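Notes follow the structure.
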RNA sequence: CGGGCUGUAGCGCAGUUUGGCAGCGCACCUGCUUUGGGAGCAGGGGGUCGCCGGUUCAAAUCCGGCCAGCCCGACCA
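Residue numbers (my numbering): 1 to 572.
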């Protein structure tokens, strides 16, 4: 490609609205443009990177036996009703009507559609199957952000495995785990696998591949000592022990005028430190009021509450709902003596005595509460949020918590979709059994962004060779100089002949503009051709990552670059 | 969905408080000079000031409504 003919609209200034490094740099270097919130156009450079990312993903999924499909974006609403996900995913579904009044869904994921096709599988002898596609997804995210990291329309590689039993699923899951590990290595994205919540996807287990980055939206609890890693939506820890002191014979009510929060009660005379309080929350789980009890210093992890109860809709109760249920207002709530209401208590409260909690009477609290004696707990659950520094659940060393980008997610679905959609095969005994499924997703554009988050410096992007829009740029310093022009064009042609993905900067711009653009865009190698070097018969080969340059005689330049690229690729 | 902020040329912004010719830098076009790290001089083009309505002799500016975008939050009873 000749740069003078290309559409590469680099910006001298940072775009005002871009916060995340990947957002700022991808816009500024001319890879993407925003159309509206969470919707981006791929410009030619962005399109090339996207194609290379997809190519790597495709190779690795083909390598584990994947067969490529292309499914529709338009889905009938009815199929989403059958699996219950019209409700479960309602908030993020784009829906529309066709001209005959038919109700349609724009596909946010394709379990339903692939499972429908899998209905044509009839015998266990046809299994296992591994099907995939690379295709557009639509999700009406409540808050798109950070450029390509969280968008409403994006490309995903989604694959689906079909097996006769759990052992088969385990094999396909493990194969994907390995394939994903290779994909992230080749992309240059340092992703670590973590235990994850399955969320709206359902199923028995899932692993997320997480890239540590402040631009991410998830928190990962990680143990540097033993390697334990989990999304905080799932992470557990051994709570710090608390000394409860002498148990009281019975709860004692005392007035606490004006006390509304845990913090208030800590400083109130006769109150208690947060660790000795019971936090009483009221939630509506699919419309059913439920009391959730936590230690005063713990925070609820809503996703855990959803996972542990299986509820589809989880929301805090409103003030009026709380007063109707308990007869008291938030700030004075407590579960002592409550009957006929579901009470979930966090494990951190088990065995605790001499606790302080609301009295269910405005402006009053109880002290001397023995959780197991005084509260009719329906279920003990783990719904607290793990914090940095807490002991690792497997080895006891302190956990660290870091922000991360979810680069990929693999799920063991089991029969969650095959049962309602009737995808069964006959087993060896001739009995119809639902197919055991898994699903596996990687966001293409999000991974482009993750690469940039990890690989950039103050000058711009530093693409790994594997996904760079072009592997090398030949910068002709002075296009009006005939020798420079001809030598530059020749080296460019030689690079192409050697299989290097190259672009030649033949623009009539000043050298500084060309160097800065090349570094902003982040081509891994630059060959600088100018009168100064040509006087000595040399050109300059510069590696973007290190910034180091070497002088190479003209005739050897292309081969030198090709060798370096080959060496870089060999490491991937 | 709640809170905050912002919409003025392709990009970055000033002007809005106190109504009175729509501006600056970069980018773009023409010419000359310049050419190894975002050039200089001269000339030039480009605007429904987010949209709709209102007030006024007069609205980018004041008032009302709407739309869009960004950031924070959406658990702390």
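A virtual CB, placed ideally from N, CA and C, is assigned to each residue, including glycine. On a predicted model such as this, the values are computed, not experimentally measured, just so you know.
Quiz item: What's the gap between the Cα of residue 46 and the Cα of residue 180?
Solution: 22 angstroms
Quiz prompt | For residue 72, the residue or residues it bridges with in DSSP | solution = None, per the DSSP bridge assignment.
Self-check item: CB contact flag (residue 482, residue 527, <9 angstroms)
Solution: no
Quiz item: Rounded C-beta distance between residue 121 and residue 133? I'm assuming under 8 angstroms.
Solution: Their Cβ separation, rounded to whole angstroms, is 17 angstroms, which puts residue 121 and residue 133 out of contact at 8 angstroms.
Exercise. Please state if the CB of residue 192 and the CB of residue 222 are separated by a distance shorter than 9 angstroms.
Key: yes
Quiz prompt | Beta-carbon proximity list for residue 422, same chain, < 7 angstroms, skipping 5 on both sides | solution = 119
Quiz item: Could you check where the alpha helix (DSSP H) with residue 448 kicks off and where it finishes?
Solution: 444-454
Quiz item: Does DSSP put residue 89 in a helix, in a strand, or in coil?
Solution: coil
Exercise. Quick one: residues in its chain with C-beta nearer than 8 angstroms to the C-beta of residue 142, no 5 flanking neighbours on either side, listed in chain order?
Key: 91, 92
Quiz item: Applying the criterion that 16 or more other CB atoms from any shown protein chain within 10 Å of the CB defines a buried residue, is residue 224 buried or exposed?
Solution: exposed
Practice problem: Using alpha carbons as the reference points, say which of 530, 521, 566 lies closest to residue 544. | Solution: 521
Quiz item: From which residue to which residue does the beta strand (DSSP E) around residue 371 run?
Solution: Premise fails: residue 371 lies in the alpha helix (DSSP H), 371-374, not in any beta strand (DSSP E).
Quiz prompt | Proximity of residue 390 and residue 343 at Cβ, strictly below 9 angstroms | solution = In this structure, residue 343 does not lie closer than 9 angstroms to residue 390 by Cβ.
Quiz prompt | Contact check, residue 552 vs residue 511, beta carbons under 9 angstroms | solution = no
Quiz prompt | Buried or exposed by the 16-neighbour rule on C-beta atoms within 10 Å, applied to residue 258 | solution = exposed
Practice problem: Write down the C-beta distance between residue 367 and residue 251 rounded to the nearest angstrom, noting that I regard them as a contact closer than 8 angstroms. | Solution: About 7 angstroms separates the Cβ atoms of residue 367 and residue 251, confirming a contact at the 8 angstroms cut-off.
Quiz prompt | Coil, strand or helix - residue 440 by DSSP | solution = strand
Quiz prompt | residue 115 beta carbon less than 9 angstroms from that of residue 410 | solution = For residue 410 and residue 115, no; Cβs fall outside 9 angstroms.
Exercise. Spatial neighbours of residue 60 within its chain, please: CB distance less than 7 angstroms, with the 5 preceding and 5 following residues excluded, ordered by chain position.
Key: 179, 182, 183
Quiz item: Pairing CB atoms from the region 436-444 with CB atoms from the region 224-236, are three or more of them under 8 angstroms?
Solution: no
Quiz prompt | For residue 15, the three-state DSSP class (helix, strand or coil) | solution = coil
Quiz prompt | Residue span of the alpha helix (DSSP H) that contains residue 46, given as start and end | solution = 44-63
Self-check item: residue 25 in three-state terms, based on DSSP
Solution: helix
Quiz item: How many angstroms separate the CA atom of residue 1 from the CA atom of residue 492?
Solution: 9 angstroms
Quiz prompt | Buried or exposed by the 16-neighbour rule on C-beta atoms within 10 Å, applied to residue 5 | solution = Counting C-beta atoms within 10 angstroms of its own C-beta, residue 5 has fewer than 16 neighbours from the protein chains shown and is therefore classed as exposed.
Practice problem: With DSSP collapsed to three states, give me the class of residue 128. | Solution: coil
Practice problem: Identify the continuous beta strand (DSSP E) that holds residue 34 and give its terminal residues. | Solution: 32-36
Quiz item: What number of angstroms, rounded off, separates the C-alpha of residue 57 from the C-alpha of residue 516?
Solution: 31 angstroms
Self-check item: Among 496, 282, 286, the one whose alpha carbon lies nearest that of residue 293
Solution: 282
Quiz item: Taking all protein chains shown into account, do 16 or more other C-beta atoms lie within 10 angstroms of the C-beta of residue 431, making it buried, or fewer, making it exposed?
Solution: With fewer than 16 other Cβ atoms within 10 Å, it is exposed.
Quiz item: Quick one: is the Cβ of residue 360 within less than 8 angstroms of any heavy atom of the ligand COA?
Solution: In the structure shown, the ligand COA is absent, as is every other ligand, since no ligand is present at all.
Self-check item: alpha helix (DSSP H) runs wholly inside the region 117-200, at least 4 long, in chain order
Solution: Counting only runs of 4 or more residues that sit fully inside the region 117-200, the alpha helix (DSSP H) segments are 166-187, in chain order.
Practice problem: Would you mind reading off the limits of the beta strand (DSSP E) that contains residue 231? | Solution: 229-231
Quiz item: Is the region 442-461 close to the region 492-503, with three or more CB pairs under 8 angstroms?
Solution: no
Exercise. Grab the span of the alpha helix (DSSP H) containing residue 565 for me, first residue to last.
Key: 557-570
Quiz item: Under the rule that 16 or more other beta-carbon atoms within 10 Å means buried, what is residue 50, buried or exposed?
Solution: buried
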